[in-house]
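So the sequences go chain by chain: A and B. The first sequence begins at 27 in the working numbering and counts up by one. The second sequence begins at 603 in the working numbering and counts up by one.
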Amino acid sequence: GNSEVQSNFIQRRLRISEKREMQKEILSILGLPQRPRPHVSHSKFNSAPLFMLDLYNTISEEEEVPNPHRFVLATEGPPLASAQDSAFLSDADMVMSFVSLAEHDMEISLQRRHFRAFKFNLSQIPDGEAMTASELRIYKECTSQVYENGTFLLSIYQVVQEHQDRDADLFLLESRTLWTAEEGWLEFDITATSNLWVMSPHHNMGLQISVETSSGRSLRPEEAGLVGRSGALEKQPFMVAFFKVSEAHVRSTR
Amino acid sequence: SISKRRHQNRNRSTQPQEASKSLSMADYNSSDQKTACKKHELYVSFRELGWQDWIIAPEGYAANYCDGECSFPLNAHMNATNHAIVQTLVHLMNPENVPKPCCAPTKLNAISVLYFDDNSNVILKKYKNMVVRACGCH
């Protein structure tokens, strides 16, 4: 704005040490001990960052603050954030997405049972944040294969105990009947499970999903159109959690 | 004391009143007005800080800052707390020992920041009281 004010303001460039101090101060405001160093060569265009960007743009619109830097990456296609997400968002102070660290499709040959396993690292959640909701999001593509009734049953389990010599002990979280022609994001509420994982991380043995036809025949998840690691980047499964700040952030003296 | 003065003014000729008016107009138009407490633009650029590899959005934000004099009369040209007005009067009576009120934010807004953590998870966090929307005297 005012040229006179500007001329009175920054009259010199910051020295390198001053710039570092400035960075430290702003990191402190952001509640970070140091700058994160993510490995994000191509993951900027993964589904989780795109979903979060969608939420960011929603917030920016709600705040009604002129946002000249409205970010649009490759967001063409089906909307990522649902009405339920918007409801969670309005109540949240922080939202965090988690990429699956280990995702593998397996088959238990004796029973010919197929399943897909996911594992998420929740150890990076900042202190003082209370999780209010969390969901697993999986993208389902339309499949041309025809099964009985044109439907199949998708079940999601929490792994309770792993065994070397036999199948893991599972706890059924949800079962859902899906149409083969259905396409879009599937959202599964895993709030209770992820709260348990936060409170006792040794219980975090991940999730499993399995799919079977109405006659009980086990299907591979990709046969049912469920996109996995080998699928398109913007359709990768991920977990998202909504948090409410439960304690005031106190900045330590430097 | 104010009512007494008003009464005295009514009895005087119009000349001093005119002088008083022109003085007060001069106050508002002088350099005092230019240096009065107000909001100034200040943009914090995450890009300039070299953080574009981990902050996804925004590129920066208009933090703004408050600067200027909190001089009598406060109510005429800016937001001021009730106490700031009293503080100004006390300052006028005892300028050596009592400071003027401070020019500080009266309205602050939040910003949201979207960033990667070390594990390439994405965090969207709301930070309160980051943007100065209005300044005033405290």
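The beta carbon of each residue, even a glycine, is placed where N, CA and C say it ideally should be.
Can you tell me which of the three DSSP states asparagine 83/A falls into? Position 57 of the first sequence, counted from the first residue, corresponds to residue 83/A. Looking at asparagine 83/A - three-state DSSP - the assignment turns out to be helix.
Glutamate 661/B by DSSP, collapsed to three states: which one? In the second sequence, the residue the question calls residue 661/B occupies position 59. It is coil, neither helix nor strand.
Secondary structure at aspartate 669/B, three-state DSSP: helix, strand or coil? What you label residue 669/B is simply residue 67 of the second sequence in a count that begins at 1. Aspartate 669/B: strand per DSSP, three-state reduction.
How would you list, in chain order, the residues of chain B whose beta-carbon sits under 7 angstroms from the beta-carbon of phenylalanine 124/A? Taking the first sequence and counting its residues from 1, the one referred to as residue 124/A is at position 98. Near phenylalanine 124/A (Cβ distances below 7 angstroms), the residues of chain B are Asn723.
Taking methionine 311/A and threonine 217/A to be in contact with their CB atoms under 8 angstroms, please state how far apart those CB atoms are, rounded to whole angstroms. Outside the shown range of chain A, which is 27 to 280, sits residue 311/A, and nothing can be said about it.
Are glutamate 260/A and leucine 76/A close, meaning C-beta to C-beta below 8 angstroms? Sequence index remark: in the first sequence, residue 260/A carries index 234 (1-based). Sequence index remark: in the first sequence, residue 76/A carries index 50 (1-based). Going by C-beta atoms, glutamate 260/A is nearer than 8 angstroms to leucine 76/A.
Counting only Cβ pairs nearer than 9 angstroms, list the residues of chain B close to alanine 74/A. By one-based count along the first sequence, residue 74/A stands at place 48. Per Cβ cutoff of 9 angstroms: Ser722, Asn723 and Val724.
Could you have a look at tyrosine 154/A and say whether DSSP puts it in helix, strand or coil? In the first sequence, the residue the question calls residue 154/A occupies position 128. The residue you asked about is not tyrosine; residue 154/A is glycine in the sequence shown. Looking at glycine 154/A - three-state DSSP - the assignment turns out to be coil, as it is neither helix nor strand.
Does DSSP put valine 2/A in a helix, in a strand, or in coil? For residue 2/A there is no data in the structure shown, the boundaries of chain A being 27 and 280.
Helix, strand or coil for histidine 642/B per DSSP? Your numbering for residue 642/B matches position 40 in the second sequence. Residue state, collapsed to three classes: strand.
8 angstroms Cβ shell around leucine 694/B - same chain, five flanking residues per side excluded: For the purposes of this step, residue 694/B is taken as residue 92 along the second sequence, with counting starting at 1. Phe674.
Please report the straight-line C-alpha distance between glutamate 200/A and aspartate 720/B, rounded to a whole angstrom. Counted from its first residue, the first sequence places residue 200/A at position 174. Counted from its first residue, the second sequence places residue 720/B at position 118. Whole-angstrom Cα-Cα distance: 31 angstroms.
Would you verify that the beta carbon of lysine 270/A is, or is not, closer than 8 angstroms to some beta carbon of chain B? What you label residue 270/A is simply residue 244 of the first sequence in a count that begins at 1. No, no contact with chain B.
Residues in its own chain within less than 6 angstroms of alanine 250/A by CB, not counting five upstream and five downstream? Numbered from 1 along the first sequence, position 224 holds the residue referred to as residue 250/A. Answer for alanine 250/A: Phe178 and Val237, listed in chain order.
Own chain partners of arginine 246/A with C-beta closer than 6 angstroms, once the 5 adjacent residues on each side are dropped: Mapped onto the first sequence, residue 246/A falls at position 220. These residues qualify, in order along the chain: His140.
Give a yes or no on whether the minimum CB-CB distance between aspartate 111/A and chain B is below 8 angstroms. Counted from its first residue, the first sequence places residue 111/A at position 85. No, no contact with chain B.
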